[in-house]
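Residue numbers (the working numbering): 2 to 510. Note that beta-carbon positions come from the ideal geometry of N, C-alpha and C, so glycine has one too.
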Amino acid sequence: MFRSLVSVFAVGVVVMSALGVAPAPAFESSDLGTAAVGSAVRSAATPASLATTAADWDRDGIGDVIGSDTGGRLWLYPGNGTGRFKPRVQLGTGWSGYDQIRPSGDFDGDGITDLIARGVGSHELWLYPGDGSGKFKPRVRIGTGWGGFTQIFSPGDWDGDGANDILALRKSDGKLILYSGTNTGKVHSGRQVGTGWSQVTSLIPTGDFDADGQVDFIGRYSSGLLRLYRANGSGGFTTTQYIGTGFGGFTSTIGVGDFSGDGYPDVLGRNSRGDLFMYRGNGWRGHPWIAPYPKIGTSWNSITMSDQTVSAPAPQPSGTMTGRQLLNSLKVGSESNSGYNRDYFKHWIDANHDCQDTRAEVLIAKSRTRVTFSTSSNGCVVKTGNWLSPFDNRTWTAASDVDIDHMVPLAEAWGSGARYWTAAKRQAYANDLGYTYSLQPMTDNLNQSKGAQDPAQWMPPVAKCSYAIQWVAIKYRWALTIDTAERTALSGLLDGSCGQASIKTPPRA
C-alpha cells in the first residue's frame, strides 16, 4: 500500500500560482518508499522513444495539448518545439458527451496516437483511433461500467508487453486498477496495483520522466504535492519520489511529453487565473526540473484539459412533466417560413470526426442488433441492422429503407423560431444527438408523407399519443413556439388520458 505523505510536505509551502507566478517546485533527493506491488528492482531499459508518449498528436516529435471547450469542440494546441504553441486546430465538435478525454498514445497498435473518452451518463469507455492526419477512424467501444473511476488514463506500456495500458483510480476505495492493453483497442480484465490513492486529484502521464527507458507518471495530491511513480516494466512499481510542492493552486497539471524540444518530458500547469506555466524536465540530473518556470499562456480557463473530469452539466429541470404540462409551457405565436432554406441547417455532419455522420450515429444507436457497414466504406456507412419505425410499427433491416426523421421538421423549426438562431445553433438542432426523441428512424415513405407538416396537418397512423408528447418535448427543449392550429390539434390528444402520461423533463438545448 502506498501511504500518503501529504502531511509531511504540505507544511510551510507558499502557493504563488494564484498570483500569476509559477510556484518553484521543491523536491527531495532520496526515494520515499516502495510499492507493495511489483519488484523493487527496475527492469533494464528497453529501446523506445518515450519522451512524448501520448502527447504527440501531430507526429512531429514535439508534445502537444488537447482540450475541449464549453461548446463541445475539441482542440489541438500543437507545440512548436521551443515551449510555445503553433496556431490551434479544431479536431471536432460534439465532444460535450464525454467527461474524460485523454490522449492514449498508440492504443491499437498501428503506430498512430489515439484518444480514449468516457461517455457522460452511459459510462462507456471509447477509443477514438487517430488516422494520422488529425482526424479519427470509427470509434471502438473499449467497455462499459467505467463510471466509478475519478481518473482514467494511459501511462503507456506499463507492464512491458509492448501494448499501451490503462490505469484507473477507483473512487469508492482509492484503489488503482491496471487494465493491460492488447494493441487491438481492447483491454484485459483489470487487476489491482495499488491502494491508498484517494487523496490524488490528478494522474499525469509523463513518458520516461527519469530517462531510464521505462514509463512513469506523476500524482498530484490535494495538498499540492507532486510525486513521481516509476514502473518496473512488469505491471508494478519500484520507488516513488517526491518532486514538488506548491501545486495546490493549480486547476490542471498535464504531461505534454517533450514540449520544449530538448528531448525530455515536460509538465504544464494552469492556475486559477487561467495562466499556463511550463515545468521542464531534465531526465533527473540531480533535480527533476529546470528553472525558470515560464508563463507560456493566459486565458486557459475556458479549456478543459486532459487531466480534468468535466463537471456535471448545468442543472436542468428535474423530475418529470406530463404531455399537457409540456404543451402548456409552450408560447403560442404566428409562424412564418419566409426565407427558409434547408441548407441553413447543415447536416449530416461528422461531429467527432470518426467518419460516421449523424445519420450513421442514429442508425447505430437505434438498431436492435449489431449493425454492419458497407464493404467499401471502411466502417463509415451503415448497411444493415434492425430498426423499428415507431409510428407505423414496421421493422426494417436494410438501412436504405430507413430515413432519419427530425421529429419537428427543419422547416417547422425555422418558422417556430430557428430563423433567429445562429448558423451554429441551427446545425446543432439538425444534428441533435443529445436527446433521444430528436432524431428517429422512420420508414422512408412515411417520412416523405410527413414532410414539413405539423400535427394540425399530419399525424402518423399509429402511436399518435407518443407522437404528440415527443413533438411538444422537442419544442420545449429548443424553446420553439406553436401556432394556434397546432395547439388546437395537440390539445385534442393531450386533454385526455394521453396528456397525463409523463416523461422525464427534456433537457434544454
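{"query": "Assuming D211 and R231 form a contact by the criterion Cβ under 8 Å, report the distance between their Cβ atoms to the nearest whole angstrom.", "result": "7 Å"}
{"query": "Have a look at the DSSP bridge pairing and note the partners of A232.", "result": "F238"}
{"query": "Tell me the DSSP secondary structure of S199 in three-state form.", "result": "coil"}
{"query": "If you run the structure through DSSP and keep just helix, strand and coil, what is V473?", "result": "helix"}
{"query": "What residue range is occupied by the uninterrupted alpha helix (DSSP H) comprising L226?", "result": "Counting along the chain, L226 falls outside any alpha helix (DSSP H), and DSSP gives it neither H nor E."}
{"query": "Count the other C-beta atoms from every protein chain shown that fall within 10 angstroms of the C-beta of T94, then say buried if there are 16 or more, exposed otherwise.", "result": "buried"}
{"query": "Whose CA, out of G270, S155, T196, lies closest to the CA of V188?", "result": "S155"}
{"query": "Helix, strand or coil, according to DSSP, for K451 in the structure here?", "result": "helix"}
{"query": "How big is the Cα-Cα spacing for G39 and I205?", "result": "In this predicted model, G39 has a pLDDT of only 34, less than 50, meaning its place in the structure is not dependable enough to derive any value."}
{"query": "On a Cα-Cα basis, can you pick out the residue from T305, G191, S123 that is closest to W76?", "result": "T305"}
{"query": "Exposed or buried, which one is Y421 when buried takes at least 16 other CB atoms within 10 Å?", "result": "exposed"}
{"query": "Just checking, does the region 325-341 make contact with the region 478-488 on the three C-beta pairs under 8 Å criterion?", "result": "yes"}
{"query": "Per DSSP, what kind of secondary structure is Q357 in: helix, strand or coil?", "result": "coil"}
{"query": "In the DSSP assignment, the alpha helix (DSSP H) including W397 goes from what residue to what residue?", "result": "Looking at the DSSP string, W397 is not in any alpha helix (DSSP H); the run it does join, the beta strand (DSSP E), is 395-399."}
{"query": "Would you mind reading off the limits of the alpha helix (DSSP H) that contains A490?", "result": "485-495"}
{"query": "Who are the near neighbours of T514 in its chain, counting only those whose CB is closer than 8 Å to its CB and skipping five residues on each side?", "result": "Look at the range of the chain in this structure, 2 to 510, and you will see that residue 514 is not part of it."}
{"query": "Going by C-alpha to C-alpha distance, which of A352, I475, G208, G493 sits closest to K505?", "result": "I475"}
{"query": "Identify, in the order they occur along the chain, each residue of the same chain with its Cβ nearer than 6 Å to the Cβ of L440, setting aside the five sequence neighbours on each side.", "result": "V363, I405"}
{"query": "Determine, using beta-carbon pairs with one atom in the region 413-433 and one in the region 391-398, whether at least three such pairs fall under 8 Å.", "result": "no"}
{"query": "When you compare only the Cα positions, how much space is there between G236 and D393?", "result": "55 Å"}
{"query": "Thinking just about the alpha-carbon of each residue, which of A469, E487, G120 is nearest to the one in G497?", "result": "A469"}
{"query": "Taking Cβ positions, are A502 and G324 nearer each other than 8 Å?", "result": "yes"}
{"query": "Roughly how many angstroms lie between the CA atoms of Y438 and G208, to the nearest whole one?", "result": "44 Å"}
{"query": "On the three-state DSSP scale, how would you describe D402?", "result": "helix"}
{"query": "Once DSSP output is grouped into helix, strand and coil, what is the label at A510?", "result": "coil"}
{"query": "Locate the alpha helix (DSSP H) running through Q309, then write down its first and last residues.", "result": "Premise fails: Q309 is in no alpha helix (DSSP H) and is neither H nor E."}
{"query": "Spatial neighbours of A49 within its chain, please: CB distance less than 6 Å, with the 5 preceding and 5 following residues excluded, ordered by chain position.", "result": "The predicted position of A49 is uncertain, since its pLDDT is 31 and thus under 50; a value taken from the coordinates is nonetheless stated next. None."}
{"query": "Measuring straight from C-alpha to C-alpha, what distance separates R140 and F278?", "result": "33 Å"}
{"query": "Let's test the definition: count the other Cβ atoms within 10 Å of the Cβ of T444 and tell me whether it reaches 16, buried, or not, exposed.", "result": "buried"}
{"query": "Straight-line CA distance for Y243 to N165?", "result": "25 Å"}
{"query": "Give the DSSP-derived three-state secondary structure of D467 in the structure shown.", "result": "The residue you asked about is not Asp; residue 467 is Ser in the sequence shown. Note: S467 maps to helix in three-state DSSP."}
{"query": "Sort G275, I167, H124, D158 by Cα distance to G146 and report the nearest one.", "result": "H124"}
{"query": "So which of V383, I113, G122 has the shortest CA-CA distance to D132?", "result": "I113"}
{"query": "Would N353 and W96 be called neighbours here (beta carbons separated by less than 8 Å)?", "result": "yes"}
{"query": "Kindly provide the ranges of any alpha helix (DSSP H) runs that are 4 or more residues long and lie completely inside the region 92-157, ordered along the chain.", "result": "none"}
{"query": "For the alpha helix (DSSP H) that A164 lies in, which residues bound it at each end?", "result": "No alpha helix (DSSP H) contains A164, which DSSP labels as neither H nor E."}
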